[in-house]
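Undergrad:
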């Protein structure tokens, strides 16, 4: 009865997570033994921590991709490894790698005097990797709580800012309520089905004649909790305040990485376990949430003058598009959602790196429109890159964001939701207005007073160039992306 | 291969412009002029090597893009798109010459926007794949938005840039849904496949309306025409020339290639609708043009009137109508561009566009006034200029289709005379109000090709018509095959 005979494949498949867990301890040790004085924290601890964290993330990316185990469930079926989990873990790790590489200058300028920040980043990586592999309602709950607790702490990091405290407290209270709803929904589903394993649930709900109303209530609670974490309407109230109040590097992490993992959970729930409920329940639910999110995203974004809140509301709009893609119920739906998620993550990292750069160069913590005026004079090439990224968010061809929206429209029209498509088009045009208003401010307005000129930091420049080339010149060779996403989507449907 | 070399030249041009540092302003301008002139000369070979006897697509290039979904970048020309292509490659070097004395600091972004606009426009006119047509159709918005917004002359340019962008985006997103529906029902977006597909009458009508939303904003037809006077006025000279000369033709090209080609029964069904909007457009905008006091706004309104007349020709359902529509589009490209360049000459000297500031220019700038007179006469349709050929044949075909519409459209010739002659009168004759230099060598060279082209098209249009016969007959035959 050796452990290695029973759990051999599981251990092999879980190598990245095991590596991350051990490296958390290593980072903690490194930080606490070297960080004995404040001077040490500035001069050599932060750079050394950044390099250490980058190496850890890089190695874990390697481990994730070189996973020899094909699709199977692990650890008594509470975890799974398949194409979806492998590739999305890779994207999560790459996203966090980008976040770490831009953090150096920010941490120096904001005087974030703690090495625990890197400990948290690796823990986020671990929790998201575990979440992406989860295959049981309980393990999903545990990993969501793990991730959320770290985020609650990170949101309040800035000790001298009221906004930060407000952001953290709001996020904590609302997030805990959402997690409780998730648990309640999971318990109702356990009550009606008798199991919490996603695979068993898909077998049990295959030929369902009629469901008890408690089952539907459980599903609604479950999915509402997940949509809350994503920031979709009608659960969008916390996003603007939290994105604005948290320190900018933390908002960068919020905006880019967790959405991938939570969408994986939603995809697994909707397409694997409860797929047969599609015509009854899921289409209406996701169409409604999607349309509502689009509406909120475009209307609230129009009135905003602060950059961080504007990006928060635009992310609400994008989650709306993603919900519409989910509502279609076909392989094109999954493909479009994954594709859009990827392009959205890249664009969000780019834009938040720009906000980080602004934060370094402005004197107060609010970033309004008047702070962005001098962009074209100070950094012309970067300004052009930002303008093209914003056009990509608005969905103008030939940039990457257009293809993402095209795929969503393909999946929506394929399921014959014509009125939904028309509404999505109308909100796209209205939200395009506030995107090009940003471009107008960069390019067309004259700054009244002196503006601060600063070149981009090295880490930021590295990320920005790679992401910029991917999104702007996406059109030249999309074959790779499309084939990869097709492989992932088919793996999910079977 | 020839088509690929055109695009390759332009891509080399854009990269070269990015590499050259921004201080060498003369080198930047010379380089971009060289590239655009080479592109023009290469495109003339397209006309030389064009086979007049077939309606099939020529110089076809297949580039694989996404074989998984059957969407590939297929490029080719036929009789309809050949002349739009030549118009584009001719107008761009003239625009760059016209902006030679550009004082603003961001010359590099200006030139890069223009070259990338030319690249995208050439791709629009040659793409035989519906999705790529849509992509490049929309991609023109980005550089044009930047050109209007950065290089416009006064604060109202921001409003103009917004209106230009949002009107076109709204229409085009409806077209996107149409394109997606076609792709899902047919399985391919290649024009060669779509042209032999029959859509049901009901589907055709909805798809026609989706495509109409997009092309009508570009033509521009009546309710959604407001962006045009704003954008033309606020753009810099070269920007207005590109807008008037080429971007307006995108709408009528789209109607020809896609609405007529793919949805013939729906075109028959909606013909009275299009005729009503066009006739209203012609009469209303011609009357409005008479009242204008801003030079550019006047010519912008006349552009709307001419393009609406082109629409009547397209939907007339006869070979004469469609050929005349293409010729009138070409002619309008020459004449309207020349008129905006003329206004640019005046603006370069005195930095004002108000009509009341100008008077008695004949005495001090005679050569300029000769050219202005010629193009004014061309604008109102004097026989001997290309615009007469176009308008006359359009009225012939409209008479064939719907006599009442023809009657009202013919008032365009009368009203055209009113606004053109009155404008010319106020500027050229009367008391001398402003004194300045006559045309210099560079400006004369700008007008010369346009002048020769207009005369050439007016005196012997058969050279242009003979290239179009095969393709247009094929198009109209499909339509009347109901």
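Chains as they are written, first to last, in my numbering: chain A, 3 to 496; chain B, 179 to 660. Glycine is no exception: its CB is placed at the ideal position from the N, C-alpha and C atoms.
1) Can you tell me whether DSSP reads residue 236 of chain B as helix, strand or coil?
2) Would you tell me roughly how many angstroms separate the C-alpha atoms of residue 193 of chain B and residue 348 of chain A, rounded to the nearest one?
3) Can residue 308 of chain B and residue 369 of chain B be called in contact, C-beta distance under 8 Å?
4) Of the choices B/235, B/601, B/257 and B/434, whose alpha-carbon is the least far from that of residue 643 of chain B?
5) Spatial neighbours of residue 299 of chain B within its chain, please: C-beta separation below 7 Å, excluding the five flanking residues on both sides.
6) Can you tell me whether residue 336 of chain A is buried or exposed? The criterion is at least 16 other CB atoms within 10 Å of its CB, across all chains shown.
7) Counting only runs of 4+ residues fully inside the region 379-416 of chain A, write out the alpha helix (DSSP H) ranges in chain order.
8) Anything in chain B within Cβ reach of residue 488 of chain A, meaning under 9 Å, just list it in chain order.
9) How would you call residue 199 of chain A, buried or exposed, if buried means at least 16 neighbouring beta carbons within 10 angstroms?
10) What does residue 316 of chain B touch in chain A if you count any residue whose Cβ is under 7 Å from its own?
11) So for residue 600 of chain B, helix, strand or coil by DSSP?
12) So what does residue 74 of chain A bridge to, in DSSP terms?
13) So that I know if they touch, is there some Cβ in chain A lying closer than 8 Å to that of residue 313 of chain B?
14) At a cut of 8 Å, does the region 398-408 of chain B reach the region 438-447 of chain B through at least three beta carbon pairs?
15) Checking the sheet assignment: what are the DSSP bridge partners for residue 286 of chain B?
16) Rounded C-beta distance between residue 377 of chain A and residue 287 of chain A? I'm assuming under 8 Å.
17) Taking C-alpha atoms, which residue in B/230, B/354 and B/492 lies nearest to residue 415 of chain A?
18) Between the alpha carbons of residue 660 of chain B and residue 446 of chain B, how many angstroms are there, rounded?
19) What's the gap between the Cα of residue 189 of chain A and the Cα of residue 355 of chain A?
20) Please compile the residues from chain B whose C-beta is within a distance smaller than 7 Å of the C-beta of residue 430 of chain A.
21) Between residue 490 of chain B and residue 593 of chain B, is the Cβ-Cβ spacing less than 8 Å?
22) With distances taken Cα to Cα, identify the nearest neighbour of residue 245 of chain B among A/34, A/482 and A/495.
23) Can you pull the chain A residues whose beta carbon is under 7 Å from the beta carbon of residue 343 of chain B, in chain order?
24) Fully enclosed by the region 300-358 of chain B, which alpha helix (DSSP H) runs are 4 residues long or longer?
25) State whether the region 424-433 of chain A contacts the region 453-466 of chain A, with contact taken as three or more CB pairs (one from each stretch) at a distance under 8 Å.
26) Would you decide whether residue 615 of chain B is buried or exposed? Buried here means 16 or more other CB atoms lie within 10 Å of its CB.
27) Thinking C-alpha only, which one of A/291, A/359, A/279 and A/49 is nearest residue 466 of chain A?
28) Would you say residue 327 of chain B lies against chain A (beta-carbon separation less than 8 Å)?
29) Kindly indicate the opening and closing residues of the alpha helix (DSSP H) around residue 427 of chain A.
30) Quick check: residue 516 of chain B and residue 553 of chain B, are their CB atoms within less than 8 Å of each other?
31) Could you compute how far the alpha carbon of residue 362 of chain A sits from the alpha carbon of residue 309 of chain A?
32) Can you find at least 3 beta carbon pairs, one from the region 479-493 of chain A and one from the region 232-252 of chain B, that sit closer than 8 Å?
33) What does a CB cutoff of less than 7 Å around residue 330 of chain A pick up in its chain, not counting 5 residues either side in sequence?
34) Classify residue 561 of chain B as helix, strand or coil using the three-state DSSP reduction.
35) Anything in the region 358-376 of chain B with a Cβ closer than 8 Å to a Cβ of chain A? List those residues in chain order, please.
TA: Let me spell this out:
1) strand
2) Cα-Cα distance, rounded: 25 Å.
3) Contact: yes.
4) B/257
5) 266, 318 and 424
6) buried
7) 382-396 and 402-416
8) In chain order: 246.
9) buried
10) 398 and 399
11) Taken through DSSP and simplified to helix, strand or coil, residue 600 of chain B comes out as helix.
12) A/83
13) yes
14) no
15) In DSSP, residue 286 of chain B forms no bridge with anything.
16) Between residue 287 of chain A and residue 377 of chain A the Cβ distance is about 41 Å, and since that is not below 8 Å, they are no contact.
17) Of the candidates B/230, B/354 and B/492, the one whose C-alpha sits nearest the C-alpha of residue 415 of chain A is B/354.
18) Below a pLDDT of 50, predicted positions are generally treated as unreliable, and residue 660 of chain B, at 45, falls in that range; the measurement from the model is reported next regardless. Answer to the nearest angstrom: the Cα atoms are 9 Å apart.
19) 41 Å
20) Chain-ordered, the chain B residues with CB closer than 7 Å to the CB of residue 430 of chain A read 351.
21) no
22) A/482
23) Taking a Cβ-Cβ cut-off of 7 Å, the neighbours of residue 343 of chain B in chain A comprise 438, given in sequence order.
24) 308-317 and 319-329
25) No, they do not touch.
26) In this structure residue 615 of chain B is exposed. Its beta-carbon is surrounded by fewer than 16 other beta-carbon atoms within 10 angstroms.
27) A/359
28) Interface residue, yes.
29) 420-446
30) yes
31) 14 Å
32) yes
33) Cβ within range, chain order: 413, 414, 416 and 417.
34) strand
35) Going along the region 358-376 of chain B in chain order, one finds 358, 359, 361 and 362 with a Cβ nearer than 8 Å to chain A.
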